[in-house]
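Chains F and S supply the protein sequences, listed in that same order.
With full-length UniProt numbering, letter number 250 in the first sequence gets 250, and the count goes up by one each step, no holes.
With full-length UniProt numbering, letter number 159 in the second sequence gets 159, and the count goes up by one each step, no holes.
Each residue gets a CB set at the ideal place from its N, CA and C atoms; glycine is no exception.
2 protein chains.
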Amino acid sequence: MIPVNPDRFRSDLHALRQIGAAGQGKGVIRPAYTPDDIAARDWLAGRFAEAGLEVAWDPMGSLFGLAPGRSLLMGSHSDTQPEGGWLDGALGVIAALEIARAAQEAGGPAVSVVSFQDEEGRFGVTTGSAAWSGALDRTAVDGLTDRDGVTLAQARSAMGHRLGDWIDPARFTGFVEMHIEQGPLLDQTGGKIGVVEAIVGIRDMVIRFEGQQNHAGTTPMALRRDAFQALSAFNTKVNDRFANVVTPATVWTIGHVALHPNAHSVVPGRASFSMQWRDIDPDRLTRMEVIIRDTAAEVADDMGMAAEFGSMLGVAPVAMDAGLRGRLCVAAEAETPGAWREMPSGALHDASNMARLMPSAMLFVPSIGGISHDFAEDTAEADLVTGLKVLARALG
Amino acid sequence: MIPVNPDRFRSDLHALRQIGAAGQGKGVIRPAYTPDDIAARDWLAGRFAEAGLEVAWDPMGSLFGLAPGRSLLMGSHSDTQPEGGWLDGALGVIAALEIARAAQEAGGPAVSVVSFQDEEGRFGVTTGSAAWSGALDRTAVDGLTDRDGVTLAQARSAMGHRLGDWIDPARFTGFVEMHIEQGPLLDQTGGKIGVVEAIVGIRDMVIRFEGQQNHAGTTPMALRRDAFQALSAFNTKVNDRFANVVTPATVWTIGHVALHPNAHSVVPGRASFSMQWRDIDPDRLTRMEVIIRDTAAEVADDMGMAAEFGSMLGVAPVAMDAGLRGRLCVAAEAETPGAWREMPSGALHDASNMARLMPSAMLFVPSIGGISHDFAEDTAEADLVTGLKVLARALG
């Protein structure tokens, strides 16, 4: 077991949240490439150097603290959502720092640390690790823009002289990321640790029912082709039909709805909506897609409408490395017997990209109330320390 | 039977649509108080004078052509929607003109004509006739504003010297309005004439389900409180429960939906939507309201949410006068045997307000494809003439 120092770990975590502090609870405002994000990275670079790690920045602004020779890479990200919490990303970076520092002090093993840039997706999704891993074309990333039309090239130029060359992934033996769950499962079931079995795949599609816009007073019910009614019928049928296909970990969401013309006195002629579903099994994702397409077509046909399908966003599931997972499970059972579980990650993480380059694994600690991407995000500090100790035991 | 001249009637109808012609099909652009609306009223005033009627304008800008002594009032409105058809309103005014003119030529009966101002609701709903009837407070109307913040006082000042005093309703024995159906019922059933039995009452309420906003990847289905799912469940249950209460003429509509935050990857925490229902029976409207409130509360309770109800817009049903209705039915059967029906009006009309002042009735002719409030609005000219002849026969 790597002899970690929980107080030093907690102290660093609280120090980091002072940079970009929102002034509301423990909230933090450090979107990628903003002055506070860069200040946080500079502070981390100083801590890495003090721990005896070699500081290196890649062209995206991802910050590495490198142990000599081949090493295990650990970390996450230190950028936040525009209204972010103090643990999302930061926890994984500071835990990695403490493990690397304690390992260095103990004479091994060799552990390097990374804080990836723009995990929160100002310019994409897990942009920094995606570019490093090749999931994103490195030559094309500079053209990505944020909501305000700023290009990534403009944004990263703020990091100036820091930016260096790409780090060679071959120097790393694997990647381990600790993260808050960002969901309610551990919190509601009294779990202390989640060992991630896989990161879910995501499919996301816009579906449109095209009916007939009509006067809501003069059009008898029997003569309507009401696109909202089609959406409601589709939703009911899809929920029924999924029952035989899904597991308790499968999720699906209609999160965006746009009716046209969206007026009290007009029968909606058009309903556009998002259908998103996530699972760790690509075959299940495909079976769900067949049900979705068939049901929408059937409902449209029943109601004398057209169903149109937008282009499909697809992110494949990513399995975690069996060897690293096994070590995390054994350590979790030793640290917190019976109070841990294997579970999927329903959100994407930098580990999604790292799995393309090296054996990768993730460890979750509970999120109070399942809250994240919010100033109110929090985790009991005892749970944070439990997570740190599981890592120290698994990787020692 | 009043000896009407169908060619003169059709010629006047086509002349009127030249004023504010949209340049697309027979479309017309004459919103209340715009220069083209006023030009149309000036043209009508000339026609009224030529027909031997006394021209009078009320303070709202509603234009009357008065027959001497006590008379039957006929008419509708000549303002249009921002993208309007050539018949919505204009048909009732020109039919009234032809009836009054032919009656004048034949030595009786005495028929007066009106074109109400702002039936299309730039400043409210059937604003001109509502102010005259007292449904709207005459002293408060000047403070009404349109979408651009223009007050009614500013808008009506464009009518300048034309504006006169309120006309005494006591000089009229009743009110008859011919109008296009604005729905598909006559067109789809081959009907030529609809005799309106009542104008529907309308109830309209915003309902809000307040659930829990969550991450669409990390929140298991069993732990969600998804406000869109509540809306869909509410819709399904209300449709089922209404089956035992409604008639084929009852209508209800969810026309406006707003999810929050309305994003693909977020479980909707809030769903706000409009529920509007219309029927000619106030008891049925109330029974439906009970079902709506009970079902929303029940769904919210089942799903661990709150249901909130906005304030209720209520317009009471308006029965048409039995005597005038009977004369219209007899005349319809004589003109077009078996090809007419009694039916509710699902839309509000100036006759809704006139029924407060005097016995009132309405006659519908078919709308091709049920289309109105659109440049494409149209009716076969033979059907327009049939409507004119039914009026001439019923009122002669």
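Secondary structure within the stretch 272 to 344 of chain S: the beta strand (DSSP E) runs of 3 or more consecutive residues, fully enclosed, are 306 to 309, 313 to 315 (chain order). The C-beta of A135 of chain S has 16 or more other C-beta atoms within 10 Å across all chains shown, which makes the residue buried. W57 of chain F has F:L63 as its beta-bridge partners, per DSSP. Proximity to G370 of chain F across S:P344, S:G160, S:T218, S:A96 peaks at S:T218, based on C-alpha coordinates. Residue-level contact check: R203 of chain F does not touch chain S, since none of the beta carbons of chain S fall below 8 Å from its beta carbon. Judged by DSSP secondary structure, E98 of chain F falls within the alpha helix (DSSP H) whose first and last residues are 90 to 106. Taking 7 Å as the Cβ-Cβ cut-off, the stretch 224 to 246 of chain S approaches chain F at F228, S232, N235, T236, given in chain order. For E119 of chain S, no beta strand (DSSP E) segment is defined, and its DSSP state is neither H nor E.
Using beta-carbon distances, N214 of chain F counts as an interface residue toward chain S, with a partner under 8 Å. Taking a C-beta cut-off of 9 Å against chain S, the contacting residues of the stretch 247 to 265 of chain F are P248, A249, T250, V251, W252, T253, I254, G255, H256, V257, A258, L259, P261, N262, A263, H264, S265, listed in chain order. Taking H161 of chain F as reference, the option from F:T247, F:G61, F:K192 with the minimal CA-CA separation is F:G61. Between P35 of chain S and the set S:F175, S:E342, S:M159, the nearest pair of CA atoms involves S:M159. By the C-beta criterion, the stretch 196 to 207 of chain F is judged not to be in contact with the stretch 382 to 391 of chain F, since fewer than 3 inter-stretch pairs fall below 8 Å.
No Cβ of chain F is located within less than 8 Å of the beta carbon of P337 of chain S. Residues of chain F whose Cβ lies closer than 8 Å to the Cβ of T219 of chain S are, in chain order, G183, P184, V251, G346, G370. Here T336 of chain F is actually not in contact with S232 of chain S; their C-beta atoms are around 40 Å apart, not less than 8 Å. Note on geometry: alpha-carbon atoms of D7 of chain S and A100 of chain S lie some 15 Å from one another. Counting C-beta pairs closer than 8 Å gives fewer than three between the stretch 162 to 175 of chain F and the stretch 304 to 311 of chain F, which falls short of the contact rule. Residue environment: H14 of chain F is assigned as exposed (fewer than 16 neighbouring CB atoms within 10 Å of its CB, all protein chains considered).
One thing to note: F116 of chain F has its Cβ no nearer than 8 Å to the Cβ of H179 of chain F. The beta carbon of R270 of chain S lies closer than 6 Å to those of E210, A227, H260 in the same chain, with the five residues before and after it left out. With a threshold of 8 Å between beta carbons, P366 of chain F makes no contact with chain S. With distances taken between CA atoms, E342 of chain S lies nearest to S:A249 out of S:A249, S:Q104, S:G174, S:G65. Taking 8 Å as the CB threshold, V176 of chain S stays off the interface with chain F.
The Cβ-Cβ distance between P31 of chain F and R171 of chain F does not fall below 8 Å. Distance from the CA atom of E105 of chain S to the CA atom of E98 of chain S, rounded to whole angstroms, is 10 Å. A Cβ-Cβ distance of about 25 Å is found for the pair L16 of chain S and G174 of chain S, leaving them out of contact under the 8 Å criterion. Within the stretch 187 to 257 of chain S, the runs of beta strand (DSSP E) at least 3 residues long that lie entirely inside it are, in chain order, 193 to 199, 201 to 210, 251 to 253. Using a 10 angstroms sphere on the CB of S345 of chain F, the tally of other CB atoms reaches 16 or more, which defines it as buried. Counting only the Cα atoms, P359 of chain S lies some 36 Å from R241 of chain S. Taken through DSSP and simplified to helix, strand or coil, H349 of chain F comes out as coil. Comparing alpha carbon positions, the residue from S:E177, S:M303, S:G304, S:D294 closest to V390 of chain S is S:E177. Taking the Cα of A339 of chain S as reference, the smallest distance to any Cα among S:G52, S:W132, S:L186 is reached at S:L186.
Rounded to the nearest whole angstrom, the C-alpha separation of D137 of chain S and A131 of chain S is 6 Å.
For the pair M305 of chain S and R147 of chain F, the Cα-to-Cα distance works out to about 33 Å. The closest CA to that of P169 of chain F, considering only F:E377, F:M354, F:A394, is found on F:M354.
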